[in-house]
Every structure is written in structure tokens, then in C-alpha cells.
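Listed in order, the protein sequences are those of chains A and B. The opening residue of the first sequence carries number 4 in this note's numbering; numbering runs sequentially from there. The opening residue of the second sequence carries number 4 in this note's numbering; numbering runs sequentially from there. Let me begin by presenting the structure, written as C-alpha cells, before commenting on it.
There are 2 protein chains.
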Amino acid sequence: MTTRRVRARRGEGALLREEILRAAEDLLAESGSEDALTLRAVALRAGVSTPSVYLHFADKEALVEAVCMRVWGEFGRMFRENLGGDPFLALGRCGRAYARFALEHPVQYRVLMMRATAGPGVPPAAAECFRHMVDAVSACVETRVLEGDPEELALGMWSAVHGCVSLLIAQPSFPWPRDREALIDHIVRVAGFGTAVYSRLPQTLPPSADLAAALDDFGARLASGVASGVASGVEKPRGDEPGGAGE
Amino acid sequence: MTTRRVRARRGEGALLREEILRAAEDLLAESGSEDALTLRAVALRAGVSTPSVYLHFADKEALVEAVCMRVWGEFGRMFRENLGGDPFLALGRCGRAYARFALEHPVQYRVLMMRATAGPGVPPAAAECFRHMVDAVSACVETRVLEGDPEELALGMWSAVHGCVSLLIAQPSFPWPRDREALIDHIVRVAGFGTAVYSRLPQTLPPSADLAAALDDFGARLASGVASGVASGVEKPRGDEPGGAGE
DNA sequence: ATTGTTAACCTGACGGCGTCAACCTGAGAC
DNA sequence: GTCTCAGGTTGACGCCGTCAGGTTAACAAT
């Protein structure tokens, strides 16, 4: 891609913007490191001189931000694909899809979430993405599985899933379990049921023995409810995701 | 601190290492930005020429790593201060202390957790810190509040708390609730009870209505258990933390 | 066909960064 | 006094983001 790009026709200068963005994305994905995302490297790959990038991006930060908007867009699309059906199950599907996407695109996720963010205000693509999360939570509040302010609950659940994938990406040396898929199921379930239980908790807790007993009973009741056939209308666990955890 | 440092006596060259580390820490804390952590700035602040840093650190990464080790040490000390008493309450205290420390030292936390980590293997200070987490979880497994592999459970709970503080630090523009303390309580409780509930869940869930009812009953049972005075031995919520959530 | 305008892009330079090879210098042993 | 070498310094290299100014080619008007 070192070949000199042919100059765009009049009025089509904006084409370069797309090519630069594509070059930046490719560079990020292929190198696997954000340090490789250099104005010089991007320009070279786009077949253009370095300062030409400034024709379409105010500075490097603006270019990176533009790349991030693409990623937010992908997250938004992913949420949209996973909505529908029982709200609590859909929430679990979204969480798992989020984690999977993040782990499949670790560099992009790094740049998106672990960079020092500049300006105030949430960019539209990010806001839309967050709105999907809130909507998914709201649906669960309507079925009374969750209780509370959907926005706050969504932030909490997002925190949990983000924490898991960001630690996996940034601190891979820790003794993570072999099975990443199971880990994600774990964290999604913890986030989902933790949020569900949270609003029902009293201010002060009973001693551990009583707490453990209450937890055991809760689990037994769920199991018997499912076994006795009350579970009509429940989605079947998908074949590729045994247990359908978190759903 | 621009004054030229007096040369160390023979055999005391290692003094410079401490001064450089201190300069780096101060620079990070005062500037509030990791970009300000420059070899040139550090050297200037230590009253020494730039390449002198290489007398004690292989490269910039090694210097940053050394700063991180200090932070891990602080985290470890913080855990040690919050252990003891009922294990599940201690776990909540640790989680809250972790989050508070992170939010009070956002730049250090950034560098520690959101940097592209280089070498393989967990450094000793980090391993010790993680061991504290695992120990705190193990104690909860012994009282039967939690079930499962302590290491995996600890990773999950760490993920949740880390996710919350790292999002707060890296994405401050999102509609976070006014009360950060309450948010931390929220996430710590979600992580704690989510983890407790997780191991009791059946593979398939009952429909939302039954699930909501079971959750309500669980909460009612906890509340009545506390109200009926069974709660002997439970720590009182601390005055500065109404609700003692998560504990 | 020629010219003028201007969008689209390039050249060359600046200061700052991490890093390195080579040099200096002064504290302390003799 | 002099020698040694730990404990530094000097100056340079290549890469980075950024910018002022120059160049070139597509198109409209003539």
C-alpha cells in the first residue's frame, strides 16, 4: 500500500477520509498494538503524505476518536441483533456478545475504553449504544425481575462485564481459567443475578450461616420451579452455549 | 527541583534510583496525566541528566513498572488493613477500599491497570495482592456463603469492582449517579451477592414471573431474619457508610 | 484553446520523545 | 600525589505529532 494514491477529483476530497480511516483500522487490527497507529504509518498506508491526514482530522486524537466511533457502531449493531425474547435472557445474550466482541478485538477495545478520553459529553454512537443497554434493562424492570433506575443498573452491569474483559485484555498474566467462555458466563450471571438480588437486600445482613441457608433455598426453589415444568415459555439453551448461563 | 543534584558517594549510586522513582510518582500525581511521565521530565525533576535514568532502569517501561510495583504494594497494604471479622463483611470492606483507593489515585490506577502489559508472569507485589483477594474469598467459602474455586470467584469479583472504577476513570462522561459512594456500594453488593447466588443457579431459568417471585421471597427472608434478632454477631454498619452495603 | 481559481495535496522544518555511544569527573584507595 | 572506576554528562540518532508555505491538477469561464 506504499503506492502513491491518485488525487481525488474536485468535490471528492472526502474520499480520502474514508481511506485514512480504513488504513487506521487495518493498521490497528494487523499490528495488534495501538503504538503502531502512527500518523506517518497511516498516511503511508493510505498512499498519501503525512500532513494530508490533517485535511480531514484536526489531530491524531480526532482520528483515533473516529476509529472509536466505528467500534461503538459495531457494539450498537451487536446489541440490536441480540434483543428480543425474554428480557432477562436477552440481557444475558447481550452481555455475552459484548464480551465476545471485546475479546475478539482486544486492541480496538483498548483504544475505545482504556484511552484517556478527552472532551466532555458522550459521542452519539456511544450514547446510542448505551441506550440499548438501558432499554434492555428497562425491559427487565417491567417484568419485575430487576428493580431500580434502569440507567444506574445498566451502568452497574456494564461495569461488571467490562471489568472482566478489560482485565483479561490488560492483565493476561493472572491465573485466568482455561475456559474463557465459561468465565464470561460466570460474570454475566453474577452481574445479572447480583443486580436482581441487590434491590431486595436489607440494610443489615443476617449472619453467614443464615445467609448461606437462604441462598441454598433460593437455588432449590429455582431448580424445582424449572423441574416441575413451570418453565413454559423459557428459551431453550442454545446448542453452542451449554447451560445458557445468565439468560 | 531543577537544581543539579550532588553526585552520590561511592557505593551509594543506588540512592538515585529512589530519587528517580519518587520524582516519577510525584510527576504522575501532580500532573494527573500519564503523558507527563517523561524520562526527560523525571530526570529534570531528580536534578539529573536524562540518560542517567538508564543507570537504574533498563528503559522507560521498567521505570513505569517500578512505579506500578509501589501501587500494588499500597493495594496489598490496604487489603491487609480490611481483613478480619465476618469474612463476607470483610470482603465487602475490601471491595469498597479498593474502589476508593482507585478513585483517589486515578492516574496511578490507569497506569497500573490500563497500560499494555509487557512481560509474562505476575510480578510479586501483584501476586501478593491477588493472594489477599483469594484468601478473603476462601474464608467466605469456608462459611459456605460462597461456593466454588476461590481463585475464579476472586477474579470475578475483582472484575466487577475494577470494571466500575475503570469505567468511572476512563469514561467519566457517561451519566454516572451523583453519589459515587453509593455506586461503589451497589457494585460491591452486586458482585458479592451475584457470586453467592451464581453457584446455586440451575442450568435453565424459570420464567420471569417465577424468578421475580423467588427473588422477592429471598429478600423477605433476609429481612425477617435480621428483624427477628437472628442477626447476632453481625457488624454494625459503619456510621460513615449508611447501610454498610455489601458487608 | 487558454486562462484563472481553488480544492487537494506535498515539502521541509520544528520541537519533543526514547535511546545509545562516547566521554568526563571526582571520591576514595594506595 | 596519582590511579581507578563508579557515577554521572554530552551530543547525536531516528521517530513522533504538528505546522507554514508551496505545488499541482480539475474544472468553470472565456
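Glycine included, C-beta positions come from ideal geometry on N, C-alpha and C. The structure presented is a predicted model; accordingly, all values stated were derived computationally and were not measured.
Roughly how many angstroms lie between the CA atoms of residue i and residue j, to the nearest whole one?
i, j, result
"residue 217 of chain B", "residue 221 of chain A", "7 Å"
"residue 112 of chain B", "residue 126 of chain A", "24 Å"
"residue 8 of chain A", "residue 47 of chain A", "10 Å"
"residue 136 of chain B", "residue 157 of chain B", "6 Å"
"residue 32 of chain B", "residue 16 of chain B", "26 Å"
"residue 248 of chain A", "residue 81 of chain B", "With a pLDDT of only 40 at residue 248 of chain A, under 50, the local geometry of the prediction cannot be trusted, and no value is derived from it."
"residue 20 of chain A", "residue 184 of chain A", "37 Å"
"residue 128 of chain A", "residue 192 of chain B", "31 Å"
"residue 146 of chain A", "residue 207 of chain A", "27 Å"
"residue 35 of chain B", "residue 104 of chain B", "15 Å"
"residue 54 of chain B", "residue 134 of chain A", "50 Å"
"residue 226 of chain B", "residue 119 of chain A", "43 Å"
"residue 83 of chain A", "residue 130 of chain A", "14 Å"
"residue 108 of chain A", "residue 87 of chain B", "41 Å"
"residue 45 of chain B", "residue 123 of chain A", "30 Å"
"residue 304 of chain A", "residue 85 of chain A", "What is shown of chain A runs 4 to 250, which leaves residue 304 of chain A out entirely."
"residue 117 of chain A", "residue 117 of chain B", "6 Å"
"residue 110 of chain A", "residue 18 of chain A", "26 Å"
"residue 43 of chain B", "residue 6 of chain B", "14 Å"
"residue 56 of chain B", "residue 56 of chain A", "35 Å"
Drop a sphere of 10 angstroms on the beta-carbon of residue i, count the other beta-carbons inside from all chains shown, and report buried for 16 or more, exposed for fewer.
i, result
"residue 211 of chain B", "buried"
"residue 194 of chain A", "buried"
"residue 99 of chain B", "buried"
"residue 169 of chain A", "buried"
"residue 52 of chain B", "exposed"
"residue 68 of chain A", "buried"
"residue 13 of chain B", "exposed"
"residue 209 of chain B", "buried"
"residue 303 of chain A", "Only positions 4 to 250 of chain A appear in this structure, which leaves residue 303 of chain A out of reach."
"residue 11 of chain A", "exposed"
"residue 182 of chain B", "exposed"
"residue 89 of chain A", "buried"
"residue 243 of chain A", "With a pLDDT of 32 at residue 243 of chain A, under the threshold of 50, the predicted position of this residue should be treated as unreliable, though the coordinate-derived value follows. Exposed: under 16 other Cβ atoms inside 10 Å."
Figure out for me which residue from the options has the closest Cα to the Cα of residue i.
i, options, result
"residue 152 of chain B", "B:146, B:43 and B:141", "B:141"
"residue 190 of chain A", "A:10, A:45 and A:160", "A:160"
"residue 114 of chain B", "A:101, A:174 and A:223", "A:174"
"residue 204 of chain A", "B:35, B:66 and B:223", "B:223"
"residue 102 of chain B", "B:165, B:35, B:23 and B:226", "B:165"
"residue 219 of chain B", "A:202, A:123 and A:215", "A:202"
"residue 154 of chain B", "A:41, A:155, A:186 and A:150", "A:186"
"residue 150 of chain B", "A:116, A:215 and A:123", "A:215"
Just to confirm before moving on: does the CB-CB distance between residue i and residue j stay below 8 Å?
i, j, result
"residue 37 of chain B", "residue 121 of chain B", "no"
"residue 61 of chain B", "residue 162 of chain A", "no"
"residue 132 of chain A", "residue 196 of chain A", "no"
"residue 188 of chain A", "residue 228 of chain B", "no"
"residue 3 of chain A", "residue 58 of chain A", "In the structure as shown, chain A begins at 4 and stops at 250. Residue 3 of chain A is therefore absent and cannot be evaluated."
"residue 139 of chain B", "residue 167 of chain B", "no"
"residue 199 of chain A", "residue 144 of chain A", "no"
"residue 39 of chain A", "residue 23 of chain A", "no"
Tell me whether residue i, by its Cβ, gets closer than 7 Å to a heavy atom of the ligand ATP.
i, result
"residue 126 of chain A", "Inclusion of the ligand ATP in the displayed structure is not the case, the ligand content being empty and no account of it being possible."
Exercise for the section: Specify whether the segment 15 to 28 of chain B and the segment 67 to 84 of chain B touch according to this definition: at least 3 beta carbon pairs, one from each stretch, less than 8 Å apart. Expected result: As far as the Cβ criterion goes, the segment 15 to 28 of chain B touches the segment 67 to 84 of chain B, which means the pair count is three or higher.
Practice task
Determine contact between the segment 81 to 96 of chain A and the segment 173 to 183 of chain A, defined as no fewer than three beta-carbon pairs at a distance below 8 Å.
Solution key: They do not touch, by the three-pair rule.
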